[in-house]
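Data first, discussion second: the structure below is written as structure tokens.
2 protein chains.
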Amino acid sequence: MNFLQERIEQDGTVLSGHILKVNSFLNHAVDPQLMAAIGKAFADQFKDQHPTKVLTIESGGIAPALMTAFELGVPLIYCKKAKPSTMNDPISTEVFSFTKQKTYTMCMERPSMTSEDRILFIDDFLANGQAFKGIEDLISQTGATLVGCGFCIEKAFQSGRSYILAKGYPLYSLAPIAKLEAGKITWLEE
Amino acid sequence: MNFLQERIEQDGTVLSGHILKVNSFLNHAVDPQLMAAIGKAFADQFKDQHPTKVLTIESGGIAPALMTAFELGVPLIYCKKAKPSTMNDPISTEVFSFTKQKTYTMCMERPSMTSEDRILFIDDFLANGQAFKGIEDLISQTGATLVGCGFCIEKAFQSGRSYILAKGYPLYSLAPIAKLEAGKITWLEE
Chain A
1 MNFLQERIEQ
11 DGTVLSGHIL
21 KVNSFLNHAV
31 DPQLMAAIGK
41 AFADQFKDQH
51 PTKVLTIESG
61 GIAPALMTAF
71 ELGVPLIYCK
81 KAKPSTMNDP
91 ISTEVFSFTK
101 QKTYTMCMER
111 PSMTSEDRIL
121 FIDDFLANGQ
131 AFKGIEDLIS
141 QTGATLVGCG
151 FCIEKAFQSG
161 RSYILAKGYP
171 LYSLAPIAKL
181 EAGKITWLEE
Chain B
1001 MNFLQERIEQ
1011 DGTVLSGHIL
1021 KVNSFLNHAV
1031 DPQLMAAIGK
1041 AFADQFKDQH
1051 PTKVLTIESG
1061 GIAPALMTAF
1071 ELGVPLIYCK
1081 KAKPSTMNDP
1091 ISTEVFSFTK
1101 QKTYTMCMER
1111 PSMTSEDRIL
1121 FIDDFLANGQ
1131 AFKGIEDLIS
1141 QTGATLVGCG
1151 FCIEKAFQSG
1161 RSYILAKGYP
1171 LYSLAPIAKL
1181 EAGKITWLEE
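The listed protein sequences derive, respectively, from chains A and B.
The first sequence begins at 1 in the working numbering and counts up one residue at a time.
The second sequence begins at 1001 in the working numbering and counts up one residue at a time.
Here is the structure:
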């Protein structure tokens, strides 16, 4: 087990319906030193892909992605889940959230990314990959290249993992979960 | 002018209706090194208040607040603008957003803050103080103490500033704006 898996076992809670609650240290209350360690781990894993920007989605992805971008010395961009009134020339795509059971518009400003960019996508969770497909669509609209995908926690028993691997994108999850049931986490052995 | 004011003059855009657009480096695309400098400035300003937690609101406040919490070595909490399905025992308050012209429910989980806590509130913008009043209400529901308020950018010509000062909370804005018109920023002299 690595540092994040240990922290999840210590402070996370498994709820019914395959839900892992980590909002006491990851995505509501946040441990900044843990985020710095996560950022360093992602930067180490992906630095040889030479990313020029880190991309994430508000709000859960911002903390780990900011620390990754800080370590790599590149800008962070976070996609919005609704179009802000001050956003000119937006690129957008529709994403269905299984968690919230509704569709939202994921968007970013076109000038924030060019066809020269090498994008590292970082997020707090990977599950069925719906948000990832939105990211893939936004990146394709800019002509940039997706060079890696890093997730803090991955529900490897859902379909996001196989989708990303089938497309050939480098994938790295710090805490990949093989099974989540009866209050117990079984980690994926890699 | 400090480093943030210089960056705003260099890369910000003044739109009509007193709107300052900073989403190429602050709240959409984000410069992580700038955020680290902001975090250090807030930590230096408020460390003598001995904050035990940094509090902010998703999404614009997360990056500067995370870096402030990292510098201070304390946890960050970010309030949500809607109640997540996994949030137990929420504390909530209603906030009217002038920017979006609608009311939203700001909430946090009760166990994330206790009456022993000394709270430093950090946000990207202060304007009319509606979000701040929501924060003040949430903190009062926990019995914690608000020991300081730090804003990256402050529209000092709107009513948030006088509200906070009248309540006696320590206030520090890195880029306080006295006037915003005809594409030009006039900084508040303090």
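In this text, a Cβ means the ideal position worked out from N, Cα and C, and glycines have one as well.
Interface residues of chain A around residue i at Cβ under 9 angstroms?
i: B/Asn1023; result: Pro84, Thr86, Met87, Glu109 and Ser112
i: B/Ile1019; result: Ser85 and Thr86
i: B/Thr950; result: Only positions 1001 to 1190 of chain B appear in the structure, and residue 950 of chain B is not among them; the question remains open.
Look up residue i in the DSSP assignment and say whether it is helix, strand or coil.
i: A/Met108; result: strand
i: A/Ala166; result: helix
i: A/Thr114; result: coil
i: A/Thr93; result: strand
i: B/Asp1031; result: coil
i: A/Ala127; result: coil
i: A/Ala175; result: strand
i: A/Thr192; result: Residue 192 of chain A is absent from the model: chain A starts at 1 and stops at 190.
i: A/Gly148; result: strand
i: B/Lys1053; result: strand
i: B/Glu1009; result: helix
i: B/Glu1136; result: helix
i: B/Lys1047; result: helix
i: A/Lys40; result: helix
i: A/Leu72; result: helix
i: B/Leu1020; result: strand
i: B/Leu1015; result: strand
i: A/Phe25; result: coil
i: B/Phe1121; result: strand
i: A/Thr186; result: strand
Which chain A residues sit within Cβ distance under 7 angstroms of residue i?
i: B/Glu1058; result: Glu58 and Ser59
i: B/Leu1174; result: In chain order: nothing, as chain A lies at least about 18 angstroms away.
i: B/Leu1015; result: Thr86
i: B/Ile1062; result: Ser59, Ile62 and Ala63
Please list the partners that residue i has in chain B, where partner means a Cβ-to-Cβ separation under 8 angstroms.
i: A/Met106; result: In chain order: nothing, as chain B lies at least about 13 angstroms away.
i: A/Lys47; result: Chain B residues near A/Lys47: none, gap ~15 angstroms exceeds 8 angstroms.
i: A/His28; result: Ile1077, Tyr1078, Lys1080, Pro1084, Met1087, Met1108, Glu1109 and Ser1112
Report all residues from its chain with a CB closer than 8 angstroms to the CB of residue i; omit the five preceding and five following residues, and keep chain order.
i: B/Ala1131; result: Ile1057, Val1095, Ser1097, Met1106 and Asp1123
i: B/Glu1116; result: Thr1052 and Ala1144
i: B/Glu1009; result: Met1001 and Ile1185
i: B/Lys1083; result: Pro1090, Ser1092, Thr1105 and Cys1107
i: B/Lys1047; result: Leu1072
i: B/Thr1103; result: Glu1094, Val1095, Phe1096 and Ser1097
I'd like the list of long-range same chain contacts for residue i, defined as Cβ closer than 6 angstroms, with 5 residues on each side in sequence excluded.
i: B/Ile1119; result: Lys1053, Leu1055, Ile1139, Ala1144 and Leu1146
i: A/Ala65; result: Val54, Thr56, Leu76 and Ile122
i: B/Val1022; result: Gly1012
i: A/Ser24; result: Asp11
i: A/Glu71; result: Gly39, Lys40 and Ala43
i: A/Gly150; result: Phe42, Ile122 and Tyr172
i: B/Gln950; result: Past the edges of chain B, shown from 1001 to 1190, lies residue 950 of chain B, and the structure says nothing about it.
i: B/Ser1092; result: Thr1105 and Cys1107
i: A/Ile164; result: Cys149 and Leu171
i: A/Gly134; result: Thr93, Val95 and Met106
Excluding the 5 residues flanking residue i on each side, which residues of the same chain have their C-beta closer than 7 angstroms to its C-beta?
i: B/Lys1184; result: Val1014
i: A/Ala41; result: Leu174
i: B/Gly1160; result: Leu1126, Ala1127, Asn1128, Gly1129 and Phe1132
i: B/Arg1007; result: Phe1025 and Leu1034
i: B/Ser1016; result: none
i: B/Ala1156; result: Pro1176, Ile1177, Ala1178 and Leu1188
i: B/Phe1003; result: Ala1037
What residue from the options has the CA that sits closest to residue i's CA?
i: B/Cys1079; options: B/Ser1115, B/Met1108, B/Gly1160 and B/Cys1149; result: B/Met1108
i: B/Gly1168; options: B/Lys1179, B/Glu1136 and B/Gln1033; result: B/Glu1136
i: A/Gln158; options: A/Gly134, A/Gly148, A/Phe125 and A/Thr142; result: A/Phe125
i: A/Lys100; options: A/Ala182, A/Ile19, A/Arg7 and A/Leu4; result: A/Ile19
i: A/Ala37; options: A/Gly17, A/Met67, A/Thr93 and A/Ala29; result: A/Met67
i: A/Tyr113; options: A/Gln141, A/Thr103 and A/Thr86; result: First, the residue type needs correcting, since residue 113 of chain A is Met and not Tyr in the sequence shown. Considering only alpha carbons, the answer is A/Gln141.
i: B/Met1087; options: A/Asn27, A/Lys83, A/Pro111 and A/Leu180; result: A/Asn27
i: B/Pro1090; options: B/Pro1111, B/Glu1154 and B/Ile1153; result: B/Pro1111
i: A/Gln45; options: A/Ala182, A/Ile62, A/Pro170 and A/Lys102; result: A/Pro170
i: A/Cys152; options: A/Gly73, A/Ala29, A/Ala166 and A/Gly61; result: A/Gly61
i: A/Pro32; options: B/Val1074, B/Pro1032 and B/Asp1031; result: B/Val1074
i: B/Val1030; options: A/Ala29, A/Lys47 and A/Ala69; result: A/Ala69
i: A/Gln5; options: A/Ala182, A/Glu154 and A/Ala166; result: A/Glu154
Mind listing the chain B neighbours of residue i? Cutoff is C-beta to C-beta under 9 angstroms, in chain order.
i: A/Phe70; result: Pro1032, Gln1033, Met1035, Ala1036 and Met1067
Cβ-heavy atom distance between residue i and the ligand GDP below 6 angstroms?
i: A/His50; result: With respect to the ligand GDP, the structure offers nothing, as it holds no ligand at all.
Three CB pairs or more closer than 8 angstroms across the stretch 182-190 of chain A and the stretch 1171-1179 of chain B: Not touching, per the Cβ criterion.
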